[in-house]
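Quick notes on the structure that follows.
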Amino acid sequence: MAINDEVAARLGELVTLTTLADGTKQSFRVRAYERARDAVRTLSAPVADLTAAELQQIDGIGASTAKKIREYLETGTIAKLDELRGRFPPGLVEVMRIPGMGPKTVLLVRDELGVASVDDLRAAVAAERLRDLPGLGKRSEEKIAVAIERLGLHGKDRRTPIIEALPVADEIVGLLSAQPAVDRVESAGSLRRFRETIGDVDVLVASGDPESVMDAFGSLPVASEVLARGETKSAILTGSGLQVDLRVVAPDQFGAALLYFTGSKAHNIELRQRAISRGWILNEYALTDEDGRVLAAATEADIYGELGLEYVAPPLREGVGEVAAAAQGTLPDLVQMGDLHGDLHVHSSWSGDGRSSLEDMVAAAAARGLEYVAITEHAEDLAINGLSRDQVREEREVIDALRAAHPELAILHGAELNIGRDGSVDYDEDFLAGFDWCVASVHSLFDLPPEQQTRRLIAAMENPAVDVIGHLTGRRIGRRPGIEFDVDAVFAAASKTRTALEINCHLDRLDVPADLLLRARNRDDLTFVISTDSHHVSEYSHAEWGVRHAQRGWVDRSRIANTMSRAEFLAWLGAKR
DNA sequence: GCCGTTTTCGGCCCGACTGTTTTCAGTCG
Numbered sequence: 009m010a011i012n013d014e015v016a017a018r019l020g021e022l023v024t025l026t027t028l029a030d031g032t033k034q035s036f037r038v039r040a041y042e043r044a045r046d047a048v049r050t051l052s053a054p055v056a057d058l059t060a061a062e063l064q065q066i067d068g069i070g071a072s073t074a075k076k077i078r079e080y081l082e083t084g085t086i087a088k089l090d091e092l093r094g095r096f097p098p099g100l101v102e103v104m105r106i107p108g109m110g111p112k113t114v115l116l117v118r119d120e121l122g123v124a125s126v127d128d129l130r131a132a133v134a135a136e137r138l139r140d141l142p143g144l145g146k147r148s149e150e151k152i153a154v155a156i157e158r159l160g161l162h163g164k165d166r167r168t169p170i171i172e173a174l175p176v177a178d179e180i181v182g183l184l185s186a187q188p189a190v191d192r193v194e195s196a197g198s199l200r201r202f203r204e205t206i207g208d209v210d211v212l213v214a215s216g217d218p219e220s221v222m223d224a225f226g227s228l229p230v231a232s233e234v235l236a237r238g239e240t241k242s243a244i245l246t247g248s249g250l251q252v253d254l255r256v257v258a259p260d261q262f263g264a265a266l267l268y269f270t271g272s273k274a275h276n277i278e279l280r281q282r283a284i285s286r287g288w289i290l291n292e293y294a295l296t297d298e299d300g301r302v303l304a305a306a307t308e309a310d311i312y313g314e315l316g317l318e319y320v321a322p323p324l325r326e327g328v329g330e331v332a333a334a335a336q337g338t339l340p341d342l343v344q345m346g347d348l349h350g351d352l353h354v355h356s357s358w359s360g361d362g363r364s365s366l367e368d369m370v371a372a373a374a375a376r377g378l379e380y381v382a383i384t385e386h387a388e389d390l391a392i393n394g395l396s397r398d399q400v401r402e403e404r405e406v407i408d409a410l411r412a413a414h415p416e417l418a419i420l421h422g423a424e425l426n427i428g429r430d431g432s433v434d435y436d437e438d439f440l441a442g443f444d445w446c447v448a449s450v451h452s453l454f455d456l457p458p459e460q461q462t463r464r465l466i467a468a469m470e471n472p473a474v475d476v477i478g479h480l481t482g483r484r485i486g487r488r489p490g491i492e493f494d495v496d497a498v499f500a501a502a503s504k505t506r507t508a509l510e511i512n513c514h515l516d517r518l519d520v521p522a523d524l525l526l527r528a529r530n531r532d533d534l535t536f537v538i539s540t541d542s543h544h545v546s547e548y549s550h551a552e553w554g555v556r557h558a559q560r561g562w563v564d565r566s567r568i569a570n571t572m573s574r575a576e577f578l579a580w581l582g583a584k585r
């Protein structure tokens, strides 16, 4: 939501500037602002609706930050922020983006060399003036020089879309698992939490021979450069500029290490605080008691159990209330792959961009054990890919024949309609009535003002033929932002019109986005469907991504329509239509 | 700056790697 993102951005500025003011990221004030920023970012209500007292009720926001938020909402500015901006101008803040340039070093080069921008620093490096500063040397100067030239290409704040990072991680995991010294290997970090973008790839290995694992890691074909190499920890850069961190632990410590390396940082801190409150210590090696005895280490489940918590699935580990929920036994009932009994958004080569035949798509659905599938070709308004009315009638006859050949599968003849500027869709009312299931999606006009997008989406949902809105925002992760609209109004309309919201499984969509799913986490009045939007038989397996994304959004199984059995689903659809 | 089934004051997660040190500071996750 726009206003929450805006406030979170101001709090994020306070994080950066306070890091400089305090000289460390570890300062309690910095961490407090970080918590407040994350709390606002994941808030389910618009922050503008809350009084200072209500803001203080939010975990991580105290009197001081609540006051600053109200100050910003009422005056458009925060005095404290303005003061810090005056002390640390944007050019200097930019210097902190360079890997290796932390607050201490930034202030050192400012005070000693008058550096106030990245350009200044580049010049100072060229003049070899850094090497004589206390704590720095020739080697540091060279590393900073390299880092400056890489800035923008892969600075420490660059994030990689999951669709790019996942194959790299899979390749590395595959190659390492073939190493004889490797007992076990798994990717961790934000990739395991299934974040939409990844900072770097984290890989964890269990081995009794760390040195040979490090050797193998450094000489992987994807490694274009070794950034760091220690006894248990190394980092490489791939040719595409993605950083991969490797950690090696003993096999009996794998659970503790996986927990630590998966994060998030906020989740880890909460777990470690919980350990401390019992007089224990949790680190990446084990959970130990006051006498140093190991209470749990081998598996994550053991550690959660010892801490009195339900197991928390990785996609939930963001420090947004999951630890408290795990303590109270109120974690969401998460959907699993085995729960999905149908796929309600599937194309075949009848659509211009479909790549498998209708017959193959149907056979593949049956082979996967699906109980129902909706064939939803593009509709006529999508000029290149859409079907004319004659083609729709023609395909319907083919589908009728396929039904006879696949009695185990309920085949719905559907369509993916295009939502026009005013919310209208393809075809007329009578023709639409011939479909069993209609997805309606935005495929155009992504830049309309939010009020128009809101009206457009609501108008489409009010159309009785529309069963579900496809890929709600239309975003392509890392490539195209989604459309902007009034989320609460759209959710309310979805509830009122009983229109489902699709969770699109494609890795560059994952749409509805997780932050919007989180905003809806207490809305039992909304129905979702997890759909692959397959254009090829191989894409049914993308359901796994949608499941993990739904988990990340705290969407419980009961709110997902395609967890219903065939009979339940058809009854539900009949009652709805 | 936040927070309280030990606390409204006094704590706040924990450890690895690098480069510069000769026992540690800075950075990172």
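Numbers 9 to 585, taken from my numbering, label the letters of the first sequence in order.
We put the beta carbon where it would ideally sit given N, CA and C, even for glycine.
6 Å Cβ shell around residue i - same chain, five flanking residues per side excluded
i       : result
Ala-189 : Ser-215, Asp-217, Ser-220, Val-221
Ala-382 : Leu-352, Leu-420, Gly-422, Trp-445
Arg-529 : Trp-562
Glu-547 : Thr-540
Ala-6   : Since the first and last residues shown for the chain are 9 and 585, residue 6 lies out of range.
Leu-315 : Arg-282
Asp-389 : Asn-426, Asp-434
Asn-393 : Ser-359, Gly-360, Asp-361, His-386
Ile-466 : Ala-501
Glu-330 : Val-320, Leu-324
Ser-185 : Val-193
Contacts around residue i, its chain only, beta-carbon distance under 8 Å, and the 5 residues preceding and following it disregarded
i       : result
Phe-96  : Leu-25, Leu-28, Ala-29
Glu-149 : Val-133, Glu-136, Leu-138, Arg-139
Ala-616 : The question about residue 616 has no answer here: the residues shown for the chain are numbered 9 through 585.
Arg-325 : Arg-201, Thr-270, Gly-271, Ser-272, His-275
Ile-156 : Ile-106, Val-126, Leu-129, Arg-130, Val-133
Expected contact under 8 Å - CB spacing of residue i and residue j to nearest Å
i       : j       : result
Thr-113 : Ile-170 : About 32 Å separates the two Cβ atoms, so there is no contact after all.
Gly-145 : Arg-139 : 6 Å
Tyr-380 : Gly-350 : 4 Å
Ser-52  : Arg-527 : 5 Å
Glu-510 : Val-447 : 7 Å
Trp-358 : Leu-395 : 6 Å
Val-555 : Met-345 : 5 Å
Met-109 : Ile-152 : 7 Å
Leu-19  : Ala-60  : Actually they are not in contact, since the Cβ atoms of Leu-19 and Ala-60 sit about 15 Å apart, beyond 8 Å.
Leu-417 : Ala-372 : About 11 Å separates the two Cβ atoms, so there is no contact after all.
Val-537 : Ala-583 : So it is not a contact: roughly 16 Å between Cβ atoms.
Close Cβ partners of residue i (< 7 Å) along its chain, the five nearest in sequence each way excluded
i       : result
Arg-463 : Gly-431
Gly-238 : none
Met-8   : Nothing about residue 8 can be read from this structure; the chain reaches only from 9 to 585.
Asp-310 : Gly-263, Ala-304
Gly-99  : Ala-124, Ser-125
Ala-47  : Ile-66, Asp-67, Gly-68, Ile-69
Lys-88  : Lys-76
DSSP-derived helix/strand/coil call for residue i
i       : result
Tyr-380 : strand
Arg-237 : strand
Ala-375 : helix
Arg-192 : strand
Ser-242 : strand
Asn-3   : Missing from the structure shown is residue 3; the chain here goes from 9 to 585 and no further.
Val-302 : strand
Gly-557 : Before going further, note that residue 557 is His rather than Gly in the sequence given. In this structure, His-557 counts as helix in the three-state DSSP scheme.
Arg-484 : strand
Ala-508 : strand
Leu-28  : helix
Leu-352 : strand
Val-154 : helix
Practice task
Kindly confirm or deny that the segment 413-430 and the segment 458-478 touch, where touching means at least three C-beta pairs closer than 8 Å.
Solution key: yes
Exercise for the section: Give a yes or no on contact between the segment 556-572 and the segment 508-528, applying the rule of three or more CB pairs nearer than 8 Å. Expected result: yes
Problem - contact_flag[the segment 298-307, the segment 262-273] where n(CB pairs < 8 Å) is 3 or more - result: By the C-beta criterion, the segment 298-307 is judged to be in contact with the segment 262-273, since at least 3 inter-stretch pairs fall below 8 Å.
Problem - Stretch-stretch touch, CB-based, cutoff 8 Å, three pairs: the segment 364-372 with the segment 338-345 - result: no
Exercise for the section: Count the CB pairs spanning the segment 277-290 and the segment 253-260 that are closer than 8 Å, and state whether there are at least three. Expected result: no
Handout entry: Segment contact flag, the segment 242-249 with the segment 190-205, C-beta cutoff 8 Å, min 3 pairs
Key = no
Problem - Completely contained alpha helix (DSSP H) runs for the segment 164-231, where each covers 4 or more residues - result: 170-185, 197-200, 218-226
Practice task
List in chain order: all unbroken beta strand (DSSP E) runs of 3+ residues lying wholly within the segment 245-300.
Solution key: 251-257
Handout entry: alpha helix (DSSP H) segments (min. 4 residues) lying fully within the segment 516-541
Key = 522-527
Problem - Every unbroken alpha helix (DSSP H) inside the segment 384-451 [4 residues or more] - result: 397-413, 437-440
Exercise for the section: Could you tell me whether the segment 115-130 touches the segment 82-89, where touching means 3 or more Cβ pairs closer than 8 Å? Expected result: no
Exercise for the section: Within the segment 52-116, note down every full alpha helix (DSSP H) run reaching 4 residues or more, in order along the chain. Expected result: Listed in chain order, the complete alpha helix (DSSP H) runs (minimum 4 residues) inside the segment 52-116 are 60-64, 71-83, 87-95, 98-103.
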